[in-house]
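A.B. asks: Have a look at the structure that comes next, please.
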Amino acid sequence: MENPKVERLIIIGSGPAGLTAAIYAARGGANPLVISGRAAGGQLMLTTDVDDFPGFPEGIQGPELMQKIRKQASRFDTRFIEEDVVSVDFSQKPFVVNTESSSLKAESIIIATGASAQWLGLESEQKFIGKGVSACAVCDGFFFKGKNLIVVGGGDTAMREAQHLSKLANKVTVVHRRDSLRAQAALEELVKSKENVEFKFNTVIEEILGDQKVTGVKLKDTQTGEISQMPIDGVFVAIGHKPNTGFLKGQIDLDEKGYILVTDEIYTSVDGVFVAGDVSDHKYRQGVTAAGAGTKAALEVEDYLENLK
Ligand code: NAP
Numbered sequence: 001m002e003n004p005k006v007e008r009l010i011i012i013g014s015g016p017a018g019l020t021a022a023i024y025a026a027r028g029g030a031n032p033l034v035i036s037g038r039a040a041g042g043q044l045m046l047t048t049d050v051d052d053f054p055g056f057p058e059g060i061q062g063p064e065l066m067q068k069i070r071k072q073a074s075r076f077d078t079r080f081i082e083e084d085v086v087s088v089d090f091s092q093k094p095f096v097v098n099t100e101s102s103s104l105k106a107e108s109i110i111i112a113t114g115a116s117a118q119w120l121g122l123e124s125e126q127k128f129i130g131k132g133v134s135a136c137a138v139c140d141g142f143f144f145k146g147k148n149l150i151v152v153g154g155g156d157t158a159m160r161e162a163q164h165l166s167k168l169a170n171k172v173t174v175v176h177r178r179d180s181l182r183a184q185a186a187l188e189e190l191v192k193s194k195e196n197v198e199f200k201f202n203t204v205i206e207e208i209l210g211d212q213k214v215t216g217v218k219l220k221d222t223q224t225g226e227i228s229q230m231p232i233d234g235v236f237v238a239i240g241h242k243p244n245t246g247f248l249k250g251q252i253d254l255d256e257k258g259y260i261l262v263t264d265e266i267y268t269s270v271d272g273v274f275v276a277g278d279v280s281d282h283k284y285r286q287g288v289t290a291a292g293a294g295t296k297a298a299l300e301v302e303d304y305l306e307n308l309k
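In UniProt numbering, the protein residues as written are 1 to 309.
In C-alpha cells, the structure reads:
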C-alpha cells in the first residue's frame, strides 16, 4: 500500500545503531520512523552477558539492554513499524522504502541493518539447522542441557557461545582452524578456566553427521590432513557475520563483501542516505561503537534536513 506522506527520516534497523540514531533524531525534531525489522533489536538480542556497555557496572543481559534502549527511543518522538524492508529506490527524491506491506517515502534515510551470523557452507550444515546445528547459543542452548557440543570459531563470538553453553552442556569443544584464538584475552581466559571446555586447534569440520539429527562430525587436522570422527550432539557455528544489505543491491555502493562503502564512517554514495553500525563496520562491531555511529548519523541528518529547507 502506498503511503503519500513524506517522512522526514526513516531509520532502517533497530539495533543499538538504529535506536540511538532514533533517540538523537527524535530529540532533534526529525520525528523518525524506525522500520525495526522482524529480527528487531539486532545481535544483542542473541547475546547473554554484556559486560562492556558503559553504565552497567554489574553487566546486563543483551535483550534487556535493547529493551531499555528501545524504551528510551519510544519516550521521545519515535514511531516503529515491525517489518522488514524488502527494497528501496534511492534514484529519486524523496527516497522510496518498500516494506513487506507498504511503500514509504522519506527525505532522509539512516541504514542500520547490522549483520547476521555466517555459516560454514557445508551441505550437511544446512540439512541440520534446527536439528543440532545452530548459530545462537542463547536461543538454542537450552535444548542441549547435559549434551556434548562443539563451538566452531576462534573469535569473541565463539568464546561467548562456549561460555554460555558451558553452563548447560556436559562438555563443550571449541574447534578452531588455526593454532591461536583471535578473541579478547579476558574472554579467552574466562573460557579456558571452564572445566568442561576443551580446545581443538588446527581443526576444521569437514562434514556434520547424523540421520534425523546431529550425531557426530568428521574433522580434519589442517596441519596433517588427518581425518577423524567425533560423536557430538550439537554444533554451534560462531565464525563471524555478513552485512544485511541484500535489499540495497544496485542502489548504493557496497564493497566486495556486501558492506556499505562509507566516507567518514557515516556518509554513503547517495546524498541524504546515511549509515550506522555493523552494516558498514567490519572492524569494531561493538554495541557502543554502533550507538556512537547512530549518534553521528542522526546529527548529520539534522544538518541535512535543515539545509533542505
Ligand atoms: P571474528 O572476530 O571475525 O572471528 C571469526 C572466527 O571464525 C575467527 O576465529 C575465524 O578464524 C573463524 N572463521 C571464519 N571463517 C571460518 C570458516 N569458514 N571456517 C572455520 N572458521 C572460520 O568474528 P566474531 O567472533 O563474530 O566477532 C566479530 C566482532 O564482534 C569482533 O570485533 C568482536 O570483538 C565483536 N564481538 C565482541 C563481543 C564481546 O563480548 N565484546 C562478543 C561477540 C563479538 P581465524 O581466526 O583463523 O580468522
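Idealized CB from N, CA, C, for every residue including glycine. Model, not experiment: these values are computed from the prediction.
Is any heavy atom of the ligand NAP found at a distance shorter than 7 Å from the C-beta of residue 241?
C.D. replies: Taking 7 Å as the cut-off, one finds at least one heavy atom of the ligand NAP near enough to the beta carbon of residue 241.
A.B. asks: Could you check if residue 258 belongs to the surroundings of the ligand NAP, using beta carbon to heavy atom distance under 7 Å?
C.D. replies: Judged by the Cβ position, residue 258 fails to qualify as a neighbour of the ligand NAP at the 7 Å threshold, every heavy atom of the ligand being at least this far.
A.B. asks: Using three-state DSSP, classify residue 45 as helix, strand or coil.
C.D. replies: helix
A.B. asks: What three-state label does DSSP hand residue 191 in the structure shown?
C.D. replies: helix
A.B. asks: Roughly how many angstroms separate the alpha carbons of residue 50 and residue 43, rounded to a whole number?
C.D. replies: 12 Å
A.B. asks: Please find out if some non-hydrogen atom of the ligand NAP comes closer than 7 Å to the beta-carbon of residue 395.
C.D. replies: This structure cannot settle anything about residue 395, because the visible part of the chain is limited to 1 through 309.
A.B. asks: Can you list, in chain order, the stretches of the beta strand (DSSP E) that have 3 or more residues and sit fully within the stretch 22-75?
C.D. replies: 33-35
A.B. asks: Do the stretch 32-43 and the stretch 52-61 make contact, defined as three or more Cβ pairs closer than 8 Å?
C.D. replies: no
A.B. asks: Pairs of beta-carbons, one from the stretch 99-108 and one from the stretch 124-137, closer than 8 Å: are there three or more?
C.D. replies: no
A.B. asks: Kindly list the residues whose CB is nearer than 7 Å to the CB of residue 30, restricted to its own chain and excluding five residues on each side of it in sequence; keep chain order.
C.D. replies: 8, 9, 301, 302, 305
A.B. asks: Residue 181 by DSSP, collapsed to three states: which one?
C.D. replies: coil
A.B. asks: In the DSSP assignment, what residue or residues form a beta bridge with residue 254?
C.D. replies: In the DSSP output, where bridge partners are listed per residue, residue 254 has 260.
A.B. asks: Could one say the Cβ of residue 138 lies closer than 8 Å to chain D's Cβ atoms, at least one of them?
C.D. replies: Judged by its chain identifiers, the structure shown contains no chain D, having just a single protein chain.
A.B. asks: Residues in the same chain with beta-carbon distance under 8 Å from residue 53, minus the five sequence neighbours each way, listed in chain order, please.
C.D. replies: 60, 65, 287, 288
A.B. asks: Starting from residue 98, follow its DSSP beta bridges and name the residues at the other end.
C.D. replies: Answer is 87, 103, bridged to residue 98.
A.B. asks: Taking its Cβ as the centre, do 16 or more other Cβ atoms sit within 10 Å of residue 1, making it buried, or is it exposed?
C.D. replies: exposed
A.B. asks: Buried or exposed for residue 308, going by 16 or more other Cβ atoms inside 10 Å?
C.D. replies: exposed
A.B. asks: Over the uninterrupted beta strand (DSSP E) stretch that includes residue 116, give me the two end residues.
C.D. replies: 115-117
A.B. asks: Under 8 Å, do residue 174 and residue 138 count as touching if we go by C-beta distance?
C.D. replies: no
A.B. asks: When you compare the CB positions of residue 293 and residue 277, do they come within less than 8 Å of one another, or not?
C.D. replies: In this structure, residue 277 lies closer than 8 Å to residue 293 by Cβ.
A.B. asks: How about residue 46: is its Cβ closer than 7 Å to a heavy atom in the ligand NAP?
C.D. replies: Distances between the C-beta of residue 46 and the heavy atoms of the ligand NAP are all 7 Å or more.
A.B. asks: May I have the straight-line CA-CA distance separating residue 100 from residue 88, to the nearest angstrom?
C.D. replies: Between residue 100 and residue 88, the C-alpha separation is close to 12 Å.
A.B. asks: Spatial neighbours of residue 22 within its chain, please: CB distance less than 7 Å, with the 5 preceding and 5 following residues excluded, ordered by chain position.
C.D. replies: 11, 32, 34, 73, 78
A.B. asks: Just how far apart, CA to CA, sit residue 227 and residue 254?
C.D. replies: 39 Å
A.B. asks: Take every Cβ of the stretch 203-219, pair it with every Cβ of the stretch 180-187, and state whether three or more of those distances are shorter than 8 Å.
C.D. replies: no
A.B. asks: On the CB-based measure, 16 or more other CB atoms within 10 Å of its CB, does residue 244 come out buried or exposed?
C.D. replies: buried
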